[in-house]
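Residue numbers (my numbering), protein chains in the order written: chain A, 747 to 1098; chain B, 779 to 1023.
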Amino acid sequence: MSAILEQKCPCCGGAVEFDSGVQKLKCPYCDTEFEITDMPQETDEINWSSQGSQWAAGETDGMNVYACNSCGGEIVADSTTGATECPYCGNQVVMKSQFSGALRPDLVIPFKLDKKAAKEALKKHISTKKFVPKSFLEDNRLEEIKGVYVPHWIFTCDAVGNANYKAKKVKKWSDSNYDYTETSYFDIYRSGNISFDNIPVDGSTKMPDDLMESVEPFDLSQAVDFNTAYLAGYLADKYDVTAEQSMPRANERIRQSIIDSFKDTVKGYDDVENQSANMNVANGFYKYALYPVWLLNTKWNGETFTFAMNGQTGKFVGNIPTDKKAVTKATLLLGAGLGAVIYGLLWLIELL
Amino acid sequence: MTKKIFAIIIAVVISFAFVISASADTYMHVADNANKLSLSEHEELENIAIKLENTYGICVMICIADETTGMYDDAYAEWIYTGNTDNENGILLLHNDGENTYAVFTSGNVDEIFDDEAIAEMRDAYDLNDSYYGGIYDYYQLAEEYLEDGYYGNGNSDNEPVITTGETEEKDGVSFIWLPVSLGIGMLVAFLIINSIASKNKSVHMQENATVYTRPGSVIITGSADNFLYSNVEKKEKPKQENKN
């Protein structure tokens, strides 16, 4: 049994959407704006049971089937989809059951940037890169652009740790016949405390982890208590990676932070290399939050390129293909130029 | 656009190298600071001087000047000589045309060849001729006679110069072996630069740490120790400077 929620305009009955520009709900039909808090959280629920006669056994595994409140159309979504669009009437719907009870997010960062900003950022991102194939610049097509609330686990803790480093100092001097180099080695030890606030870990297997970490950081001070109204007009997923499964990644980043932060206190050496580190985490707790991300897919040469933009800060990332021929050509030209300069300098040194 | 820039760079550098290499061999034996000679006269006399230097290893110079920029004639003669050649063995006759005075500067072991009597004769040979070209020509003719006397007088045979120390070094420039080496280094540096630029096309990567989420002021070091382990001293002999002579 699944229930879906639609935010309806009290004036005209149209499906309202969250407007990132005014940070309010807005009816695209009559342009009426509503405060998030003014919208009812509970609307008509339609309970829906799977029609066994239409779906074979096991066919609906990993997916949920909903009925649209507006048109009655059948919405088939995977088991993690939390908000989507009705394929028949285009109404934005929220799968309430995906965010109820223990699944309810603690926080949500509302979208600050709209679709237009994401498109412009993509254009700028591509145009500022070098050695991009000309055909990619001319022929790549924006296949899909979607605003997605990505589930994240956010971890806060106090860490106690210690780290060992091997450091070296190099001293050079000369006399009339010899050059001397003295290399002194040191064992460095540091211990201390560091506190971390809101380290995010992607809670969705559908989203590539590297893409999600690349659009960091998000400013959690602008997060608000979760309200389904923020999801209107966007896609949303519920987590399918638990907090416990996400902890190792958070710990890994905390450990590396301890190594890096303590290393910053090791001064006066020419080279410092970490040897080992230990840490314990205390006073740790986690929250469940939805982060706003614009996802853009472009297609070129039959290959899909995925870009992501932080829906709050506008940070844009995405790998762009490199024109290997252009790279080779530039390397040869620059290499020849530099070679000629070096040879010219040798002449100068020899002759002057 | 990039292609054009590189082509220009290469052209400029190569031209520059060849200009330098060409100019290195054309230092002045006949310094006509008073503009008394025509271009062809100057060239002809210069060739005579070069031939003398190549044959006997001694630089025979002459300078005609309107004025000596406030310097004494002796000092000016030395300045002109050392400024125009690095041959340690040679002679320069300075004619200060403005004051109508003469000065002679000798360098290295040429006193036996150009003694006072020889110098006086060479100066007179120059002075007694009505034209500057003729005077300089006579000066070089006489200088050649003295050089020839000194050459055979010292029992030399074949083509050995009179004085072997400090003879003029022909600067051959940098060997062409260095061209592929330079290109190799250039290619390596270019590879690093271009790949560094191209790598910026990849902007998706995992974060290394969570330093950005560190609570401000929360890094507290409670224990620290810097312990010396050991040290190594490496001794490397300095490369000895080769004596070009």
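For glycine and all other residues, C-beta sits at the position ideal for the given N, C-alpha and C.
| query | Between the C-alpha atoms of glutamate 735 of chain A and tyrosine 1015 of chain A, what's the straight-line distance to the nearest angstrom? | reply | There is simply no residue 735 of chain A to check, as chain A begins at 747 and stops at 1098 in what is shown.
| query | Could one say the Cβ of glutamate 1012 of chain B lies closer than 8 Å to chain A's Cβ atoms, at least one of them? | reply | Stepping through the second sequence from its first residue, residue 1012 of chain B is reached at position 234. Interface residue, yes.
| said: What does DSSP give as the partner residue(s) for asparagine 1005 of chain B in the beta ladder? | reply: Against the second sequence, residue 1005 of chain B aligns to sequence position 227. According to DSSP, asparagine 1005 of chain B bridges with A:Asp933.
| query | Taking all protein chains shown into account, do 16 or more other C-beta atoms lie within 10 angstroms of the C-beta of glutamate 923 of chain B, making it buried, or fewer, making it exposed? | reply | Numbered from its first residue, the second sequence carries residue 923 of chain B at position 145. Flag for glutamate 923 of chain B reads exposed.
| task | Below 6 Å CB to CB, which residues in the same chain sit around tryptophan 1040 of chain A once its five sequence neighbours on both sides are set aside? | result | Mapped onto the first sequence, residue 1040 of chain A falls at position 294. Once the five neighbours on either side are set aside, the close Cβ partners of tryptophan 1040 of chain A are Ala864, Gly893, Met1055, Gly1057.
| Element boundaries [beta strand (DSSP E), containing alanine 843 of chain B] | For the purposes of this step, residue 843 of chain B is taken as the residue at position 65 of the second sequence. Unbroken beta strand (DSSP E) run through alanine 843 of chain B: 837–843.
| Closest by CA to proline 1038 of chain A, which one among A:Ser920, A:Val1018, A:Lys1061, A:Asn810? | In the first sequence, the residue the question calls residue 1038 of chain A occupies position 292. The shortest Cα separation from proline 1038 of chain A among A:Ser920, A:Val1018, A:Lys1061, A:Asn810 belongs to A:Lys1061.
| field | Counted within 10 angstroms of its Cβ, other Cβ atoms place aspartate 936 of chain B as buried (16 or more) or exposed | value | Start at 1 with the first residue of the second sequence, and residue 936 of chain B comes out as number 158. The predicted position of aspartate 936 of chain B is uncertain, since its pLDDT is 48 and thus under 50; no value can be drawn from it.
| query | Any idea if leucine 817 of chain B is buried or exposed, counting beta-carbon neighbours within 10 angstroms, 16 or more meaning buried? | reply | The residue you call residue 817 of chain B lines up with position 39 of the second sequence. By the 10 Å Cβ count, leucine 817 of chain B comes out exposed.
| request: Check whether the Cβ atoms of lysine 875 of chain A and aspartate 1017 of chain A sit closer than 8 Å, and answer yes or no. | output: Indexing the first sequence from 1 puts residue 875 of chain A at position 129. Indexing the first sequence from 1 puts residue 1017 of chain A at position 271. Cβ atoms of lysine 875 of chain A and aspartate 1017 of chain A: not closer than 8 Å.
| Name the chain B residues that come within less than 7 Å of lysine 875 of chain A, Cβ to Cβ? | Numbered from its first residue, the first sequence carries residue 875 of chain A at position 129. In chain order: Lys978, Asn979.
| Which stretch, first to last residue, makes up the alpha helix (DSSP H) that contains phenylalanine 969 of chain B? | For the purposes of this step, residue 969 of chain B is taken as the residue at position 191 of the second sequence. Element bounds for phenylalanine 969 of chain B: 956–976.
| task | Measure the beta-carbon distance from phenylalanine 764 of chain A to proline 856 of chain A and round it to whole angstroms, keeping in mind my assumption that it falls under 8 Å. | result | Position 18 of the first sequence, counted from the first residue, corresponds to residue 764 of chain A. Position 110 of the first sequence, counted from the first residue, corresponds to residue 856 of chain A. About 7 Å separates the two Cβ atoms, so the contact holds.
| field | Any chain B beta carbon closer than 8 Å to asparagine 1029 of chain A | value | The sequence position of residue 1029 of chain A within the first sequence is 283, counting from 1. It does not: the Cβ of asparagine 1029 of chain A has no partner Cβ on chain B nearer than 8 Å.
| query | For isoleucine 945 of chain A, which three-state DSSP category applies? | reply | On the first sequence, residue 945 of chain A is found 199 positions in, with the first residue counted as 1. Strand.
| For serine 885 of chain B, does the three-state DSSP call read helix, strand or coil? | The residue labelled residue 885 of chain B in the question sits at position 107 within the second sequence. Looking at serine 885 of chain B - three-state DSSP - the assignment turns out to be strand.
| message | Counting C-beta neighbours from all protein chains within 10 Å, is the total for proline 994 of chain B 16 or more, i.e. buried, or is it exposed? | response | Taking the second sequence and counting its residues from 1, the one referred to as residue 994 of chain B is at position 216. Flag for proline 994 of chain B reads exposed.
| Is proline 994 of chain A buried or exposed, if buried means 16 or more other CB atoms sit within 10 Å of its CB? | Reading the first sequence from its first residue, position 248 is the one you call residue 994 of chain A. Label assigned to proline 994 of chain A: exposed.
| message | For glycine 938 of chain A, list the residues DSSP reports as bridge partners. | response | Residue 938 of chain A sits at position 192 when you count from the first residue of the first sequence. BP columns for glycine 938 of chain A point to A:Gly907, B:Ile999.
| said: If you measure between the beta carbons of asparagine 1020 of chain A and alanine 909 of chain A, is that distance less than 8 Å? | reply: Here residue 1020 of chain A corresponds to residue number 274 of the first sequence, with the count starting at 1. Here residue 909 of chain A corresponds to residue number 163 of the first sequence, with the count starting at 1. Against a cut-off of 8 Å, the Cβ pair of alanine 909 of chain A and asparagine 1020 of chain A comes out as a contact.
| Alpha-carbon to alpha-carbon, serine 920 of chain A and serine 1009 of chain B | The residue you call residue 1009 of chain B lines up with position 231 of the second sequence. The residue you call residue 920 of chain A lines up with position 174 of the first sequence. Near 18 Å, if we compare the C-alpha coordinates of serine 920 of chain A and serine 1009 of chain B.
| Using a Cβ-Cβ cut-off of 8 Å (strictly less than) and excluding sequence neighbours within five positions of lysine 1045 of chain A, which residues of its own chain qualify? | To locate residue 1045 of chain A, count along the first sequence from 1; it is residue 299. Asn886, Arg887, Glu889, Phe1051.
| said: Please list the terminal residues of the continuous alpha helix (DSSP H) segment that includes phenylalanine 845 of chain A. | reply: Along the first sequence, read from residue 1 onward, the residue named residue 845 of chain A stands at position 99. Here phenylalanine 845 of chain A belongs to no alpha helix (DSSP H), and DSSP marks it neither H nor E.
| query | Can you tell which of A:Asn837, A:Asn939, A:Leu981, A:Ala975 has its C-alpha closest to the C-alpha of proline 897 of chain A? | reply | Here the question's residue 897 of chain A lines up with position 151 in the first sequence. Checking every option, the nearest Cα to that of proline 897 of chain A belongs to A:Leu981.
| message | Closer than 8 Å is the cut-off here; do at least three beta carbon pairs connect the stretch 925–937 of chain A with the stretch 981–996 of chain B? | response | no
| query | Considering only C-alpha positions, which residue in the set B:His873, B:Asp844, B:Cys837, B:Lys1016 is nearest to glycine 861 of chain B? | reply | Your numbering for residue 861 of chain B matches position 83 in the second sequence. Comparing Cα-Cα distances from glycine 861 of chain B to each of B:His873, B:Asp844, B:Cys837, B:Lys1016, the minimum goes to B:Cys837.
| request: List the residues that DSSP assigns as beta-bridge partners of arginine 993 of chain B. | output: Locating residue 993 of chain B in the second sequence gives position 215, counting from the first residue. Per DSSP, none; premise fails for arginine 993 of chain B.
| message | Out of B:Met806, B:Asn865, B:Val959, which one is the CA nearest neighbour of glutamate 821 of chain B? | response | Start at 1 with the first residue of the second sequence, and residue 821 of chain B comes out as number 43. Comparing Cα positions, the closest option is B:Met806.
| query | Considering only the beta carbon of each residue, do phenylalanine 901 of chain A and valine 947 of chain A sit closer than 8 Å? | reply | In the first sequence, counting from the first residue as 1, residue 901 of chain A sits at position 155. In the first sequence, counting from the first residue as 1, residue 947 of chain A sits at position 201. Cβ atoms of phenylalanine 901 of chain A and valine 947 of chain A: closer than 8 Å.
| task | Give every residue of the same chain whose Cβ lies closer than 6 Å to the Cβ of threonine 943 of chain B, excluding the five residues on either side of it in the sequence, and list them in chain order. | result | For the purposes of this step, residue 943 of chain B is taken as the residue at position 165 of the second sequence. Note that threonine 943 of chain B has pLDDT 44, beneath the 50 cutoff, so the model's placement of it is unreliable and the number below is only indicative. Excluding sequence neighbours, threonine 943 of chain B sits near nothing in its chain.
| task | Report yes if the CB atom of leucine 1080 of chain A is closer than 8 Å to the CB atom of isoleucine 963 of chain B, and no otherwise. | result | By 1-based counting over the first sequence, the position of residue 1080 of chain A is 334. By 1-based counting over the second sequence, the position of residue 963 of chain B is 185. No. Outside cutoff.
| request: Could you check which residue in A:Ser881, A:Lys917, A:Ala1076 has the C-alpha nearest to that of leucine 1066 of chain A? | output: Counting from one through the first sequence, the residue named residue 1066 of chain A turns up at place 320. The amino acid at residue 1066 of chain A is misidentified as leucine; the sequence shows isoleucine. For the residues A:Ser881, A:Lys917, A:Ala1076, the minimum Cα distance to isoleucine 1066 of chain A belongs to A:Ser881.
| query | Terminal residues of the continuous beta strand (DSSP E) containing threonine 830 of chain A? | reply | Looking up residue 830 of chain A in the first sequence gives position 84. Its beta strand (DSSP E) spans residues 827–831.
| query | Under 8 Å Cβ-Cβ, which residues of chain A neighbour isoleucine 975 of chain B? | reply | Taking the second sequence and counting its residues from 1, one reaches residue 975 of chain B at position 197. Those within 8 Å of isoleucine 975 of chain B in chain A are Lys876, Phe877.
| field | Beta bridge counterpart(s) of asparagine 1020 of chain A as assigned by DSSP | value | What you label residue 1020 of chain A is simply residue 274 of the first sequence in a count that begins at 1. Per DSSP, A:Tyr911.
| query | Helix, strand or coil: how does DSSP classify leucine 1078 of chain A here? | reply | The residue labelled residue 1078 of chain A in the question sits at position 332 within the first sequence. Residue state, collapsed to three classes: helix.
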